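Participant:
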Amino acid sequence: MVMVACNNDEEASSENGNEQENNSGEQVQLTFWGFGSTNYEELAKEYEEMNPNIKINVRIAETADHHDALFTALSAGSGAPDMAMLEIDQLDRFKQAQDRFANLYDYGASEVQDLYLDWKWETAENLEGDFLLGMPTDIGPKALYYRVDVFEEAGLPTDPDEVSALINSPEALIEAGTQVKENTGKPFVDSMEMAYRAYLDPIEETYLNPEGELLLENAGNQVKEAYDYAVQLNELGLVGNFELWSAEWSNAVNQGDFAAKLGAGWLKGWMEGNAPEASGYFRVATLPSEFAANWGGSFISVPAETDHPQEAYDFIEWLVSPESQLKSSLSHGMFPSAPSVYEMEEFTASEDEFFGGQNTAEVFIEAVEDINGTVYKGERYFPIHQHIVNALENVQQGGDPETEWEEAVKRAKDTMSR
Numbered sequence: 000m001v002m003v004a005c006n007n008d009e010e011a012s013s014e015n016g017n018e019q020e021n022n023s024g025e026q027v028q029l030t031f032w033g034f035g036s037t038n039y040e041e042l043a044k045e046y047e048e049m050n051p052n053i054k055i056n057v058r059i060a061e062t063a064d065h066h067d068a069l070f071t072a073l074s075a076g077s078g079a080p081d082m083a084m085l086e087i088d089q090l091d092r093f094k095q096a097q098d099r100f101a102n103l104y105d106y107g108a109s110e111v112q113d114l115y116l117d118w119k120w121e122t123a124e125n126l127e128g129d130f131l132l133g134m135p136t137d138i139g140p141k142a143l144y145y146r147v148d149v150f151e152e153a154g155l156p157t158d159p160d161e162v163s164a165l166i167n168s169p170e171a172l173i174e175a176g177t178q179v180k181e182n183t184g185k186p187f188v189d190s191m192e193m194a195y196r197a198y199l200d201p202i203e204e205t206y207l208n209p210e211g212e213l214l215l216e217n218a219g220n221q222v223k224e225a226y227d228y229a230v231q232l233n234e235l236g237l238v239g240n241f242e243l244w245s246a247e248w249s250n251a252v253n254q255g256d257f258a259a260k261l262g263a264g265w266l267k268g269w270m271e272g273n274a275p276e277a278s279g280y281f282r283v284a285t286l287p288s289e290f291a292a293n294w295g296g297s298f299i300s301v302p303a304e305t306d307h308p309q310e311a312y313d314f315i316e317w318l319v320s321p322e323s324q325l326k327s328s329l330s331h332g333m334f335p336s337a338p339s340v341y342e343m344e345e346f347t348a349s350e351d352e353f354f355g356g357q358n359t360a361e362v363f364i365e366a367v368e369d370i371n372g373t374v375y376k377g378e379r380y381f382p383i384h385q386h387i388v389n390a391l392e393n394v395q396q397g398g399d400p401e402t403e404w405e406e407a408v409k410r411a412k413d414t415m416s417r
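Rendered as structure tokens:
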């Protein structure tokens, strides 16, 4: 689907009109489209109380539905909201339609740039660095979520520091997983996708490079190494057959049907809200340095068709400020992209009841230090990623790993040719 460029004269006149309306104190209605588990509805109400002339209508949808609806509206040239969240795996898809978004540098973003992690901020810029598509929200530093009861039954240590020291390499993870399997009969990790992402997420250029070239057939391809590691774990019986986000997966989290997850910081919020029976059973430890990575996180953009770009930007700047990110972290487990939050007493002294009173923030702060966040995904990242995940799931059902890999590469090529 092709998006047609906006008329710059209309955009400029709209901005001037908005400035006059804002100065007159007239009521401004803003629409905000988001996804996932956030506290943005509550924060929007707080902002309205501080700014009586602003009314914000928040709509939260499922991640895929949200992005598809946004893309459709932008393509049609009408119906887009004033503000919209963009998930990191989807970001490059929308960067191809840069002309459909406001450049947030035009509204004051550069004044707060230093408040955020460099790699997070730069991810939302165009290649030239002169256009900012979205303001940074949360990030997803990865760590090892593990079941204390399963580790104890397996004869493994349960203290987070001891677990971090024990599982300090990809090989050590296999050894610990084998001990879990032999002593409990349970798999170590929940799914093939989670096993695959262990090595995948740190890769700087995964399926595509900035020139749009498919990298899967390059010699020594790192994606194939990630694929092979997941296959190895599966052959050893260390991978469960629980599809991420399914009802069966949620039940497995609740009941302790597997030992560990290689998850991101935002998973905390999901578990606390959706796996109540698991409260007190999980702890968090650092991952081996080879697996240090960012998985997930999002940005908030301003579609260019808005009649209120400055008001929309002003709200977004407040919504992702360090103070607001602290609130989002404490209420919904969204890990901040503003490093100053890591030094706030409320953040560093917080104890997670769900995780047995552990201060999990310490673990994720340490994980952030090892992240190389300059990862390029590309416009077709999501469909290509799904081809590889489907291949791994076929392997788990008995398919030949090399045949499934070759078929996935072929499907990726077909996707690129469309």
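Under numbering that gives the first Met the number 0, the first residue of the sequence shown is numbered 0, with each subsequent residue one higher.
We treat Cβ as the ideally placed atom computed from N, Cα and C, and that holds for glycine.
These figures come from a predicted structure and were not determined experimentally.
#1: Need the endpoints of the beta strand (DSSP E) that residue 284 sits in, please.
#2: Looking at C-alpha atoms only, which residue of 303, 401, 162 is the closest neighbour of residue 133?
#3: Do residue 141 and the ligand PLP come close, with the Cβ less than 7 Å from some heavy atom?
#4: Helix, strand or coil, according to DSSP, for residue 3 in the structure here?
#5: Please state if the CB of residue 334 and the CB of residue 140 are separated by a distance shorter than 8 Å.
#6: Measuring CB to CB, does residue 359 end up less than 8 Å from residue 163?
#7: Which of the three DSSP states, helix, strand or coil, is assigned to residue 160?
#8: Whose CA, out of 293, 34, 155, lies closest to the CA of residue 258?
#9: Tell me which residues share the same chain as residue 371 and place their Cβ nearer than 6 Å to its Cβ, disregarding the 5 neighbours each side in the sequence.
#10: Return yes when the Cβ of residue 296 is within less than 8 Å of the Cβ of residue 137, no when it is not.
#11: Just the Cα atoms here: how many angstroms apart are residue 78 and residue 72?
#12: Any beta carbon from chain C within less than 8 Å of residue 337's own beta carbon?
#13: Over what stretch of residues does the alpha helix (DSSP H) that includes residue 328 continue unbroken?
#14: Does the contact criterion of 3 or more C-beta pairs under 8 Å hold for the segment 31-40 versus the segment 51-71?
#15: Given that a residue counts as buried once 16 or more other Cβ atoms are within 10 Å of its Cβ, and exposed if not, what is residue 244?
#16: Going by Cα to Cα distance, which pick from 126, 65, 123, 28 is closest to residue 81?
#17: From the DSSP output, in three-state form, read off residue 257 for me.
#18: Beta-carbon separation of residue 39 and residue 215 under 8 Å?
#19: Look at the alpha carbon of residue 235 and the alpha carbon of residue 340, and state the distance between them as a whole number of angstroms.
#20: Note down, one range per segment and in chain order, each alpha helix (DSSP H) of at least 4 residues found wholly within the segment 357-412.
#21: Taking all protein chains shown into account, do 16 or more other C-beta atoms lie within 10 angstroms of the C-beta of residue 56, making it buried, or fewer, making it exposed?
#22: Please confirm whether residue 87 and residue 206 have their CB atoms less than 8 Å apart.
#23: Tell me, please, which residues DSSP counts as bridged to residue 28.
#24: Do the segment 188-200 and the segment 348-359 make contact, defined as three or more Cβ pairs closer than 8 Å?
#25: Taking all protein chains shown into account, decide if residue 49 is buried (16 or more other Cβ within 10 angstroms of its Cβ) or exposed.
#26: State whether the segment 173-190 contacts the segment 145-155, with contact taken as three or more CB pairs (one from each stretch) at a distance under 8 Å.
#27: With 16 other CB atoms within 10 Å as the buried threshold, where does residue 95 fall?
#28: Would you list the one or two residues that DSSP bridges to residue 96?
#29: Can you say whether residue 413 is buried or exposed, counting buried as having 16 or more other CB atoms within 10 angstroms of its CB?
#30: At what residues does the beta strand (DSSP E) containing residue 296 begin and finish?
#31: Under 8 Å: do the segment 228-242 and the segment 169-184 share three or more Cβ pairs, one atom per stretch?
#32: Which residue marks the beginning of the beta strand (DSSP E) containing residue 207, and which one marks its end?
#33: Could you please give the first and the last residue of the uninterrupted alpha helix (DSSP H) stretch that includes residue 193?
#34: Measuring CA to CA, which of 98, 97, 123 is closest to residue 108?
#35: Spatial neighbours of residue 102 within its chain, please: C-beta separation below 7 Å, excluding the five flanking residues on both sides.
Facilitator: Working from what's here:
#1: First-last of the beta strand (DSSP E) with residue 284: 281-284.
#2: Taking each of 303, 401, 162 in turn and checking the Cα distance to residue 133, the smallest one comes out for 303.
#3: In terms of ligand content, the structure shown is empty, and the ligand PLP therefore cannot be addressed.
#4: Reliability fails at residue 3, whose pLDDT of 37 lies under 50, so the model's placement of it is uncertain and the value that follows must be treated cautiously. DSSP, read as helix, strand or coil, puts residue 3 in coil.
#5: Contact: yes.
#6: The beta carbons of residue 359 and residue 163 sit no closer together than 8 Å.
#7: In the structure shown, residue 160 sits in a helix (DSSP, three-state: H, G or I).
#8: The shortest Cα separation from residue 258 among 293, 34, 155 belongs to 155.
#9: If we look at residue 371 and ignore the five residues flanking it on each side, it has no Cβ neighbours.
#10: Taking 8 Å as the Cβ cut-off, residue 137 and residue 296 qualify as a contacting pair.
#11: Near 5 Å, if we compare the C-alpha coordinates of residue 72 and residue 78.
#12: Absent here is chain C; the protein component of the structure consists of one chain.
#13: In the DSSP assignment, residue 328 falls within the unbroken alpha helix (DSSP H) covering 321-331.
#14: Taking 8 Å as the limit for Cβ pairs, the verdict is that the segment 51-71 does touch the segment 31-40.
#15: If you draw a 10 Å sphere on the C-beta of residue 244, you find fewer than 16 other C-beta atoms in it, and that means exposed.
#16: Of the listed residues, the one whose Cα sits closest to residue 81 is 28.
#17: In the three-state DSSP reduction, residue 257 falls in the coil class, being neither helix nor strand.
#18: With contacts defined by Cβ atoms closer than 8 Å, residue 39 and residue 215 do not form a contacting pair.
#19: Going from the Cα of residue 235 to the Cα of residue 340 covers about 41 Å.
#20: Secondary structure in the segment 357-412: the alpha helix (DSSP H) runs of 4 residues or longer, each lying completely within the stretch, are 359-368, 380-395 in chain order.
#21: Exposed.
#22: Not a contact, by the Cβ cut-off of 8 Å.
#23: Residue 28 pairs with 54.
#24: Contact fails: fewer than three Cβ-Cβ distances are below 8 Å.
#25: Residue 49 is exposed by the Cβ-count criterion.
#26: Touching, yes, given that three or more Cβ pairs across the two stretches are closer than 8 Å.
#27: Looking at its Cβ environment, which holds fewer than 16 other Cβ atoms inside 10 Å, residue 95 is exposed.
#28: None; residue 96 has no bridge partner.
#29: Residue environment for residue 413: exposed (fewer than 16 other C-beta atoms within 10 angstroms of its C-beta).
#30: Per DSSP, the unbroken beta strand (DSSP E) holding residue 296 starts and ends at 293-300.
#31: The segment 228-242 vs the segment 169-184: in contact.
#32: Element bounds for residue 207: n/a, residue is neither H nor E.
#33: Per DSSP, residue 193 belongs to the alpha helix (DSSP H) from 191-199.
#34: Of the listed residues, the one whose Cα sits closest to residue 108 is 123.
#35: These residues qualify, in order along the chain: 130, 131.
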